[in-house]
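Numbering (my numbering), first residue to last: 10 to 241. In what follows, a single structure is set out as structure tokens and then discussed.
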């Protein structure tokens, strides 16, 4: 049986990544061959040299990087929150604290290895976009991981080591080779790439198109067919 691989580069401290994840999942739910799809989450740091300290909220960070008044920043953040609500997500981005996400990525690789990657990923994304959690703090990461099924003591031990550093760096290196410069970025069957939280219909089309190219043609069956060897 053929397998359709979808690689997704994403950052935990990225509201657009959570929205893109949810829209992709909606498309996947409606895909007839969903069981044949393998999703591989890849690490990407939006600010690899960023501080581990939560010095600014997301609106303050927007004003610093993009400019404009506090009201303009609130409107930009509010527009994104409205889009997220259409996909069933509740954002409180006025609380969000952009920080260095390297250790959160290491935690995700650890969770994937343990078998609770999806639950931990959802918990971290929710904590960042809706709860103002500081995802560079080891105690916070251990607490959130425990809520999603990880052992907190083992998580703290892992975070205190260098484990999964190479896993994060390999994802980032692969992304650079493929030209990934922003997130979320979705690569279907190692051939079709699309960036951003695309509409559900775009993801659905890419799933269908990619599947048609990798899967062998399936006979429809029925009467009125002559087979090789003269059997009619």
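Yeah, the Cβ is synthetic: ideal placement off N, Cα and C, and Gly gets one too. Note that the coordinates shown come from a computational prediction; the quantities given were computed from them, not determined experimentally.
- Looking at 180, 61 and 28, the one whose alpha-carbon comes closest to that of residue 112 is 61.
- A residue is called buried once 16 or more other Cβ atoms fall within 10 Å of its Cβ, and residue 58, having fewer, is exposed.
- Within the same chain, 151 and 154 come within 6 Å of residue 164 by CB-CB distance, once the 5 residues on both sides are set aside.
- Residue 47 is bridged by DSSP to 14.
- Take the alpha-carbon of residue 192 and the one of residue 43: they are about 23 Å apart.
- Unbroken alpha helix (DSSP H) stretches of 4 residues or longer found wholly inside the stretch 179-233: 209-223, given in chain order.
- Judged by their CB atoms, residue 67 and residue 105 are nearer to each other than the 7 Å cut-off.
- When beta bridges are read from the DSSP output, residue 52 appears opposite 19.
- Non-local C-beta neighbours of residue 79 in its own chain, meaning closer than 8 Å and more than five positions away in sequence, comprise 68 and 72, ordered along the chain.
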